[in-house]
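Chains A and B supply the protein sequences, listed in that same order.
The working numbering puts the first sequence at residues 8 to 242.
The working numbering puts the second sequence at residues 380 to 506.
Below: one structure, written as structure tokens.
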Amino acid sequence: MTDELLDLARSPLALLAVTLAGYQLGRWLQRRTGGHALAQPVLVAIVVAGTAITVLDVDYPDYRSATELVAFWLGPATVALAVPLHRQADRLKGFVLPMLAAVGVGAVVSIVSAVLLARALGADEALEKTLAPKAATTPVAIAVTQSVGGVPALVAVFTIGIGIVGAIAGPALLDLLRIRDRRARGLAVGAVSHGVGASRMLREDETEGAFAGLSMGLTALAISLLVPVLALVLF
Amino acid sequence: MIAGLTWLVCFQLLGELVVRVADLPVPGPVVGMLLLFCFLRARRYADGGPIVRAASALLRHLQLFFVPAGVGVVTYLAVLADDALPIGIAVLGSWALGLATVGWTAVLLERLTGRPRDDLPGPEAAR
């Protein structure tokens with residue numbers, strides 16, 4: 008009987024239920040705390056599901072295939088970021104050049120500073136190479152890490168982590184830096200915290216969300232082109 | 380809802396197709412996003428249409444779709460603990476530097492080109 012119950016708890020259905028329930032708990036906390044920055048549903052859901060598979064002794068690849076149904080929608084949701092951009096397209100006028108320049112310079116700074124900071128603190132080369140593309144959206148970061156010789160599965164953890172940092176602290180740091188142009192705010196968060204950051208900006212304001220989504224796409228392109236080139240200099 | 384989702388999935392497929400054919404280094408969904416943007420512009424797509432409704436529904440829960448990849452952290456807790464200091468400083472430091480660089484460069488170039496700034500202080504900035 009106990010074995011049967013344990014099997015049920017480890018079944019794909021139960022793992023999916025835990026993931027969705029963790030996300031709902033996160034949304035409830037977000038509402039209860041009046042939208043507190045720390046109450047990001049993605050963070051709460053990762054803690055709940057991560058604890059569950061550790062306690063139940065489920066292998067991560069098994070969890071991953073059980074929740075493929077959820078992960079699948081990341082693709083169509085990324086495509087969907089075209090919609091806020093379409094509704095905000097008027098605001099692109101006069102911003103195209105500043106936008107492209109800012110994303111390009113930002114990608115160089117985020118790659119080089121990640122590698123040099125890690126090196127200064129005694130990281131090995133594989134770790135430096137894994138940190139280099141971490142600002143890109145997950146699939147790009149994984150592909151780039153593979154091509155330069157880092158650890159692909161680890162970079163996924165860094166990108167999600169940096170996304171959550173952006174969702175929690177992005178708007179506060181922008182206020183501190185006195186960046187008050189909504190387009191620049193969205194652009195900055197999308198460039199360093201990809202889709203997770205964009206989701207926070209979408210909650211704040213549609214313009215910020217639209218530019219965060221666009222910035223995520225441009226940064227993905229910039230990082231995939233720049234990391235192989237900068238790797239020649241850095242390693 | 381299903382009509383809108385069908386459009387989104389088809390644009391993702393189109394994006395994947397372009398990536399494979401042109402051998403681009405970006406993911407299919409990102410190309411799909413740019414293609415859908417061009418399509419919506421060209422059609423002057425209305426706010427109440429099925430694509431807009433499906434997109435808004437998905438984007439409200441964008442964070443949910445990152446959870447399965449994020450749970451991968453449990454397999455790397457030992458690695459992360461071993462190198463906690465270089466990882467923590469490198470990740471947070473380059474995040475903050477990148478954010479400041481992008482934000483300031485965009486604002487500076489806007490001022491240099493003399494175009495009006497889209498300055499709408501939000502409730503937080505106005506405080």
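Virtual Cβ for every residue (Gly too), placed ideally from N, Cα, C.
Exercise. Under the three-state reduction of DSSP, which class applies to aspartate 64 of chain A: helix, strand or coil?
Worked result: For aspartate 64 of chain A, the three-state secondary structure derived from DSSP is coil.
Exercise. Of the choices A/Arg185, A/Leu225 and A/Tyr30, whose alpha-carbon is the least far from that of histidine 440 of chain B?
Worked result: A/Tyr30
Exercise. With 16 other CB atoms within 10 Å as the buried threshold, where does glycine 157 of chain A fall?
Worked result: buried
For this session: Could you have a look at leucine 23 of chain A and say whether DSSP puts it in helix, strand or coil?
Result: Residue state for leucine 23 of chain A is assigned as helix, using DSSP reduced to three classes.
For this session: Would you mind reading off the limits of the alpha helix (DSSP H) that contains arginine 210 of chain A?
Result: 189 to 211
Problem set entry | As assigned by DSSP and simplified to three states, the class of aspartate 14 of chain A | Residue state, collapsed to three classes: helix.
For this session: For aspartate 498 of chain B, write down the residues that DSSP places opposite it in a beta bridge.
Result: A/Asp188
For this session: Tell me whether the beta-carbon of leucine 99 of chain A lies closer than 8 Å to the beta-carbon of phenylalanine 416 of chain B.
Result: no
Problem set entry | Neighbourhood of leucine 134 of chain A by C-beta distance below 7 Å, restricted to the same chain and skipping five residues each side | Excluding its 5 nearest sequence neighbours in each direction, leucine 134 of chain A has C-beta neighbours in its own chain below 7 Å: Ala125, listed in chain order.
Exercise. At a Cβ cut of 9 Å, what residues of the stretch 425 to 449 of chain B count as close to chain A, listed as they run along the chain?
Worked result: Asp426, Ile430, Val431, Ala433, Ala434, Ser435, Ala436, Leu437, Leu438, Arg439, His440, Leu441, Gln442, Leu443, Phe444, Phe445, Val446, Pro447, Ala448 and Gly449
Exercise. Touch check for the stretch 403 to 421 of chain B and the stretch 173 to 183 of chain A: three-plus C-beta pairs under 8 Å?
Worked result: no
Exercise. Ordered along the chain, which non-local residues of its own chain (more than five positions away) have a Cβ less than 7 Å from that of valine 25 of chain A?
Worked result: Val55, Ala56 and Ala59
Problem set entry | Alpha carbon of valine 116 of chain A to alpha carbon of threonine 74 of chain A, nearest angstrom | 35 Å
Exercise. Does valine 400 of chain B come within less than 8 Å of chain A when only Cβ atoms are used?
Worked result: With a threshold of 8 Å between beta carbons, valine 400 of chain B makes no contact with chain A.
Exercise. At a Cβ cut of 8 Å, what residues of the stretch 448 to 470 of chain B count as close to chain A, listed as they run along the chain?
Worked result: Flagged, chain order: Ala448, Gly449, Val450, Gly451, Val452, Val453, Thr454, Tyr455, Val458, Leu459, Asp462, Leu464, Pro465, Ile466, Ile468, Ala469 and Val470.
For this session: Using a threshold of 8 Å, state whether the C-beta atoms of glycine 482 of chain B and arginine 192 of chain A are closer than that.
Result: Going by C-beta atoms, glycine 482 of chain B is nearer than 8 Å to arginine 192 of chain A.
For this session: Output, in sequence order along the chain, the residues in the stretch 29 to 47 of chain A whose CB is closer than 7 Å to any CB in chain B.
Result: Tyr30 and Gln47
Problem set entry | N- and C-terminal bounds of the alpha helix (DSSP H) containing leucine 487 of chain B | 463 to 491
For this session: State the Cα-Cα distance for the pair alanine 460 of chain B and glycine 33 of chain A, rounded to the nearest angstrom.
Result: 25 Å
Exercise. How many Å lie between threonine 454 of chain B and tyrosine 67 of chain A at the Cα?
Worked result: 7 Å
Exercise. Whose Cβ in chain B lies nearer than 7 Å to the Cβ of threonine 61 of chain A?
Worked result: Val453
For this session: Please decide whether leucine 387 of chain B counts as near chain A, where near means a Cβ-Cβ distance under 8 Å.
Result: yes
For this session: Give the DSSP-derived three-state secondary structure of valine 458 of chain B in the structure shown.
Result: helix
Exercise. Taking three-plus beta-carbon pairs below 8 Å as touching, is the stretch 69 to 86 of chain A in contact with the stretch 462 to 474 of chain B?
Worked result: no
Exercise. Is phenylalanine 242 of chain A helix, strand or coil by DSSP?
Worked result: In the three-state DSSP reduction, phenylalanine 242 of chain A falls in the coil class, being neither helix nor strand.
Problem set entry | Partner residues on chain B for lysine 141 of chain A, Cβ-Cβ distance less than 9 Å | Taking a Cβ-Cβ threshold of 9 Å, the residues of chain B close to lysine 141 of chain A are Ala469, Val470, Ser473 and Trp474, in chain order.
Exercise. Closest by CA to threonine 145 of chain A, which one among A/Glu132, A/Val49 and A/Pro159?
Worked result: A/Pro159
For this session: Please classify tryptophan 80 of chain A: does DSSP put it in a helix, a strand, or coil?
Result: Assigned with DSSP and collapsed to three states, tryptophan 80 of chain A falls in coil, not helix or strand.
Exercise. From this set, B/Gln391, B/Tyr424 and B/Val397, which residue's C-alpha is nearest proline 408 of chain B's C-alpha?
Worked result: Per the Cα distances, B/Gln391.
Exercise. Listing by chain order, which chain A residues have their CB less than 8 Å from the CB of leucine 396 of chain B?
Worked result: Near leucine 396 of chain B there are no residues of chain A at all, since even the closest Cβ is about 13 Å away, more than 8 Å.
For this session: Count the CB pairs spanning the stretch 193 to 206 of chain A and the stretch 139 to 154 of chain A that are closer than 8 Å, and state whether there are at least three.
Result: yes
Exercise. Ordered along the chain, which non-local residues of its own chain (more than five positions away) have a Cβ less than 7 Å from that of valine 234 of chain A?
Worked result: Ile118, Ala139, Pro140, Val151 and Val155
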